[in-house]
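Sequential numbering of the sequence shown, starting at 2, is according to my numbering.
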Amino acid sequence: MQVSWHPALLQVFQPELYKLYDHTLTDLCERDLTLRRNFHNNVFACTTFNVGPHTATRKHIDFLNLAYGMCAITPLGNYDHTRGGHIVLWELRMVVEFPVCSTALIPSGVVSHSNIGISPGETRHSFTQYSAGRLFRWREAGHQTLKNLRKGGGELAGTGHQRWTEGVGKLSKWADIRRWLEAHASSSEEAS
2 MQVSWHPALL
12 QVFQPELYKL
22 YDHTLTDLCE
32 RDLTLRRNFH
42 NNVFACTTFN
52 VGPHTATRKH
62 IDFLNLAYGM
72 CAITPLGNYD
82 HTRGGHIVLW
92 ELRMVVEFPV
102 CSTALIPSGV
112 VSHSNIGISP
122 GETRHSFTQY
132 SAGRLFRWRE
142 AGHQTLKNLR
152 KGGGELAGTG
162 HQRWTEGVGK
172 LSKWADIRRW
182 LEAHASSSEE
192 AS
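Dropping the structure here:
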């Protein structure tokens with residue numbers, strides 16, 4: 002199955018995060034040959050298909066996901082997105098229409114999110130991809146648990162706050178995204 006739009010969106014809108022995901026997953030798969038990517042050229046370590054038929058989530062935070070990472074969510078099915086199926090981002094106080102086959106990248110490890118139910122007779126499924134924070138910590142700890150690292154006298158580099166700041170620093174700013182969009186819009190205009 003080819004599902005290249007999730008990693009492609011991450012690469013466009015969060016290129017530094019994309020590189021971290023790709024390097025981490027590549028390293029893990031090269032060190033343990035029993036591991037493989039869920040899909041060709043995919044950088045997300047985990048995939049979930051929620052097959053409904055009325056897939057809905059209550060308000061929650063995905064605490065096990067990489068805290069400053071992104072979760073890609075794509076709703077599927079047949080529903081009126083103007084009447085239901087909206088995604089709710091609680092701390093941001095946003096309720097967003099979420100049409101079938103659209104995709105959202107959200108920091109699901111730190112932002113409470115849910116979605117609004119759909120009407121009777123409609124269907125809603127979802128396809129999500131994300132990466133667990135422990136995979137990054139495993140790699141950073143030298144391919145061992147934090148407990149074993151500490152048992153051997155080791156420690157992760159920097160304080161928790163420093164690692165958080167470094168991680169958040171990988172996130173694109175709106176100005177970065179706008180520059181990328183403008184550069185690619187002008188290059189596509191020149192090509193035509």
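Beta carbons: idealized from backbone N, C-alpha and C, even for Gly.
Using a Cβ-Cβ cutoff of less than 6 Å, which residues in the same chain neighbour residue i once the five nearest sequence positions on both sides are dropped?
| i | result |
| --- | --- |
| Val-4 | Phe-40 |
| Thr-75 | Thr-104 and Phe-128 |
| Tyr-69 | Gly-168 and Val-169 |
| Val-89 | Val-96 and Ser-115 |
Measuring alpha carbon to alpha carbon, tell me which residue in the options is nearest residue i.
| i | options | result |
| --- | --- | --- |
| Leu-150 | Thr-160, Thr-83 and Arg-138 | Arg-138 |
| Asp-63 | Asp-177, Ala-73, Asp-23 and Val-13 | Ala-73 |
| Glu-156 | His-162, Gln-163 and Ala-142 | Ala-142 |
Note down, in chain order, each residue of its chain lying with its Cβ closer than 7 Å to the Cβ of residue i, except the 5 sequence neighbours on either side.
| i | result |
| --- | --- |
| Met-2 | With a pLDDT of 43 at Met-2, under the threshold of 50, the predicted position of this residue should be treated as unreliable, though the coordinate-derived value follows. Once the five neighbours on either side are set aside, the close Cβ partners of Met-2 are Phe-40. |
| Leu-136 | Thr-25, Leu-29 and Ala-46 |
| Arg-140 | Thr-25, Asp-28 and Leu-29 |
| His-144 | Arg-32 |
| Glu-92 | Val-112 and Ser-113 |
| Ile-178 | Phe-14 |
| Leu-21 | Lys-171 |
| Glu-98 | His-82, Thr-83 and His-87 |
| Arg-180 | none |
If we call anything under 8 Å between Cβ atoms a contact, is residue i one with residue j?
| i | j | result |
| --- | --- | --- |
| Tyr-80 | Thr-124 | yes |
| Thr-104 | Trp-6 | yes |
| Pro-100 | Asn-43 | no |
| Asn-51 | Ser-132 | no |
| Gly-110 | Gly-134 | yes |
Using a Cβ-Cβ cutoff of less than 8 Å, which residues in the same chain neighbour residue i once the five nearest sequence positions on both sides are dropped?
| i | result |
| --- | --- |
| Gln-15 | Met-71, Leu-106, Lys-171, Leu-172 and Ser-173 |
| Thr-146 | Trp-139 |
| Ser-120 | Tyr-80, Asp-81, Arg-84 and Gly-85 |
| Lys-60 | Val-89, Trp-91, Ser-113, His-114 and Ser-115 |
| Thr-160 | none |
| His-55 | Gly-118, Ile-119, Glu-123, Thr-124 and Arg-125 |
| Glu-183 | none |
| Arg-37 | Cys-30 |
Less than 8 Å between the CB atoms is what I'm expecting for residue i and residue j, so what's the real figure, rounded?
| i | j | result |
| --- | --- | --- |
| Ala-57 | Asn-116 | 6 Å |
| Leu-18 | Leu-10 | Wrong, their Cβ atoms sit about 11 Å apart, outside the cutoff. |
Item to check | Any beta strand (DSSP E) of 3 or more consecutive residues that is wholly inside the stretch 52-125 | outcome: 72-79, 88-90, 95-97, 105-107 and 114-116
Checklist entry - Can you give, in chain order, each stretch of the beta strand (DSSP E) that sits fully within the stretch 11-55 and has at least 3 residues? => result 47-51
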